[in-house]
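Student:
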Amino acid sequence: MDLDQWITTVKEGQHLAEDELQLLCEYVKEILIEESNVQPVNSPVTVCGDIHGQFHDLMKLFQTGGHVPDTNYIFMGDFVDRGYNSLEVFTILLLLKARYPANITLLRGNHESRQLTQVYGFYDECQRKYGNANAWRYCTDVFDYLTLSAIIDGTVLCVHGGLSPDVRTIDQIRVIDRNCEIPHEGPFCDLMWSDPEDIETWAVSPRGAGWLFGSRVTSEFNHINKLDLVCRAHQLVQEGLKYMFQDKGLVTVWSAPNYCYRCGNVASILSFNENMEDFCVLDIMPHPDIRRNLLLPTVFRSKKALRYGSEISRMKELELLVEREVKFFSETEENNQMRGPRTGVPYFL
0 MDLDQWITTV KEGQHLAEDE LQLLCEYVKE ILIEESNVQP VNSPVTVCGD IHGQFHDLMK
60 LFQTGGHVPD TNYIFMGDFV DRGYNSLEVF TILLLLKARY PANITLLRGN HESRQLTQVY
120 GFYDECQRKY GNANAWRYCT DVFDYLTLSA IIDGTVLCVH GGLSPDVRTI DQIRVIDRNC
180 EIPHEGPFCD LMWSDPEDIE TWAVSPRGAG WLFGSRVTSE FNHINKLDLV CRAHQLVQEG
240 LKYMFQDKGL VTVWSAPNYC YRCGNVASIL SFNENMEDFC VLDIMPHPDI RRNLLLPTVF
300 RSKKALRYGS EISRMKELEL LVEREVKFFS ETEENNQMRG PRTGVPYFL
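Per numbering that gives the first Met the number 0, the sequence shown runs over residues 0 to 348.
1) Could you tell me whether the segment 77 to 88 touches the segment 36 to 47, using the rule of 3 or more Cβ pairs below 8 Å?
2) Residue range of the beta strand (DSSP E) that F74 falls in?
3) Does the pairing of the segment 257 to 272 with the segment 97 to 115 give three or more beta-carbon distances under 8 Å?
4) When DSSP builds the beta bridges, which residues end up paired with D49?
5) Enumerated in chain order, which unbroken segments of the beta strand (DSSP E) with a length of 3 residues or greater are wholly contained in the segment 178 to 263?
6) In chain order, what are the residue ranges of uninterrupted beta strand (DSSP E) at least 3 long that sit wholly in the segment 5 to 74?
7) Please determine, among V250, S214, M191, the residue with the shortest C-alpha to C-alpha distance to G207.
8) Would you grab the beta carbon distance between V158 and L147 for me? Rounded to a whole angstrom, and I think it's under 8 Å.
9) Got a sec? Which residues, its chain only, sit under 7 Å from E29 by beta carbon, not counting five neighbours each side?
10) Which same chain residues end up closer than 7 Å to S329 when comparing Cβ atoms and leaving out the 5 residues on each side of it in sequence?
11) Would a C-beta distance cut-off of 7 Å place Q21 and Y137 closer than the cut-off?
12) Give the straight-line distance between the Cα atoms of T251 and Q38, rounded to the nearest whole angstrom.
13) Under the criterion of a Cβ to heavy atom distance below 6 Å, does S163 qualify as lining the ligand NAP?
14) Below 8 Å on the Cβ atoms is my guess for D152 versus S254; work out the distance and round it to an integer in Å.
15) Consider the Cβ of E180: report whether some Cβ of chain C lies at a distance smaller than 7 Å.
16) Could you pull out every residue in the same chain whose Cβ sits closer than 6 Å to the Cβ of I103, ignoring the five residues on either side in sequence?
17) Classify V158 as helix, strand or coil using the three-state DSSP reduction.
18) Can you tell me whether N264 is buried or exposed, with buried defined as 16 or more other CB within 10 angstroms of its CB?
19) Exposed or buried, which one is P186 when buried takes at least 16 other CB atoms within 10 Å?
20) Cα-Cα, which of V88, C259, D69 is closest to I6?
21) Quick one: residues in its chain with C-beta nearer than 7 Å to the C-beta of V27, no 5 flanking neighbours on either side, listed in chain order?
22) Taking the straight line between their C-alpha atoms, what separation do you get for Y260 and E19?
23) Since I believe E199 is in contact with G209 (beta carbons under 8 Å), could you give me their beta-carbon distance rounded to a whole number of angstroms?
24) For K59, count neighbouring C-beta atoms within 10 Å of its own C-beta (all shown protein chains included) and say buried if the count is 16 or more, exposed if not.
25) Output the boundary residues of the beta strand (DSSP E) element that contains K103.
26) Hey, I223 and R167 are a contact pair by Cβ (cut 8 Å); roughly how many whole angstroms apart?
27) Provide the residue span of the beta strand (DSSP E) that contains A266, from first to last.
28) Evaluate Y122 with the Cβ neighbour count: other Cβ atoms within 10 Å of its Cβ, from every protein chain shown; 16 or more gives buried, anything less gives exposed.
29) Give the range of the alpha helix (DSSP H) segment to which S85 is assigned.
30) With DSSP run on the structure shown, which of helix, strand or coil describes T139?
31) Is the beta carbon of M243 sitting closer than 7 Å to the one on L249?
32) Starting from I172, follow the alpha helix (DSSP H) in both directions and report where the run begins and ends.
33) Per the DSSP calculation, C279 is bridged to which residue(s)?
34) In terms of residues, what are the limits of the beta strand (DSSP E) holding S163?
35) May I ask which residues mark the beginning and end of the beta strand (DSSP E) holding S148?
36) Rank N221, A134, P100, G239 by C-alpha distance to the C-alpha of E367 and give the top, closest one.
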């Protein structure tokens with residue numbers, strides 16, 4: 000495998016041959032199988048949220064945050080679906096993982112799923128670009144090997160979605176069997192699907208999978224596991240980055256600017272070093288022609304230049320996008336009412 004040449008090929012907007020993609024996927028699976036469910040990472044490192052097939056924005060992200068291997072990265076899942084270039088996004092991330100395995104960590108998101116990708120775009124994109132579903136099969140096989148979380152310097156837990164009532168300690172994440180399709184419930188599902196909310200403990204998620212979890216849950220989890228912060232993605236935030244709760248014990252990072260080429264949001268990446276955390280912002284102005292958005296340059300700006308204003312109509316639009324996220328997870332009677340955690344062990348000490 001000539002990984003450097005393949006990286007150049009994909010960055011130039013071309014696809015790997017089908018047999019090359021298959022070889023790459025098999026190679027990366029051998030790397031990922033050696034990683035823990037809680038992969039240890041040392042700072043300095045830059046953490047990224049959802050990308051969702053926005054390849055050109057990913058290239059600008061690297062221009063701003065630094066290229067691998069000069070900068071170490073954690074990508075917190077949702078590489079594919081919704082954007083027009085999911086194949087290119089996932090391919091370049093696999094190539095970077097193959098070429099620099101110690102410098103980039105890829106976490107699984109809820110969209111790294113065979114079920115969701117058949118509806119939200121990745122399957123159709125692979126069919127269109129390769130003429131068959133083989134590329135989709137190779138890539139979705141890799142999904143089952145992606146790690147569930149990463150921990151930075153033992154104090155910052157990175158995970159795609161959020162917490163689970165079945166996971167009280169980080170050690171409980173370590174023993175999850177991840178080599179499978181994301182289940183419809185349980186701790187694996189919750190790590191992919193849960194969201195923080197302005198509540199104290201737990202509530203049923205409107206997504207139909209995972210949970211809403213609150214400030215007390217987060218504080219207790221951080222205290223028990225000696226964490227300073229839970230870093231997650233999964234939810235669009237208009238400012239690109241959002242700390243939650245009074246103790247700021249959780250942060251959401253979103254890295255897909257102008258999500259779905261119409262939301263008008265900015266995006267961010269969050270960098271950690273030994274003494275501090277800092278972020279920079281990716282800002283893109285929406286354009287009337289969605290197809291042109293794939294070619295127009297994206298503007299990265301420092302956090303001092305961040306503009307917080309946005310149109311109310313766009314805010315309503317993105318809220319609708321979030322509400323429509325899931326309908327693969329069938330609602331049962333108990334999904335429609337409040338219920339306690341699925342565990343016989345008291346969560347709080």
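Built from N, CA and C at the ideal position, the CB exists for glycine as well.
Tutor: Short version:
1) no
2) From DSSP, the beta strand (DSSP E) with F74 extends over 72 to 74.
3) no
4) W253
5) 201 to 203, 210 to 212, 228 to 231, 240 to 243, 249 to 252
6) 37 to 40, 44 to 47, 72 to 74
7) M191
8) Contact check for V158 and L147: beta-carbon distance about 7 Å, within the 8 Å limit, so the pair qualifies.
9) Counting only Cβ-Cβ distances below 7 Å, and skipping sequence neighbours, we find nothing.
10) With a pLDDT of 37 at S329, under the threshold of 50, the modelled position of that residue is not reliable, and no figure is offered here.
11) In terms of Cβ geometry, Q21 and Y137 form a close pair [threshold 7 Å].
12) 19 Å
13) In the structure shown, the ligand NAP is absent, as is every other ligand, since no ligand is present at all.
14) No, D152 and S254 are not in contact; Cβ-Cβ is about 21 Å, not under 8 Å.
15) Looking at the structure shown, chain C is missing, and only one protein chain is on hand.
16) V67, Y72, L95, K96
17) strand
18) buried
19) buried
20) V88
21) L93, K96, A97, V141
22) 30 Å
23) About 18 Å; that fails the 8 Å criterion.
24) buried
25) The question names Lys, yet the displayed sequence has Ile at residue 103. Unbroken beta strand (DSSP E) run through I103: 103 to 105.
26) 7 Å
27) 266 to 271
28) buried
29) Where S85 is concerned, the enclosing alpha helix (DSSP H) stretches over 85 to 98.
30) helix
31) yes
32) 169 to 173
33) I268
34) Taken as a continuous stretch (DSSP letters only), S163 belongs to no beta strand (DSSP E), as it is neither H nor E.
35) 148 to 151
36) Past the boundaries of the shown model lies residue 367; the chain is included only from 0 to 348, so the question cannot be answered.
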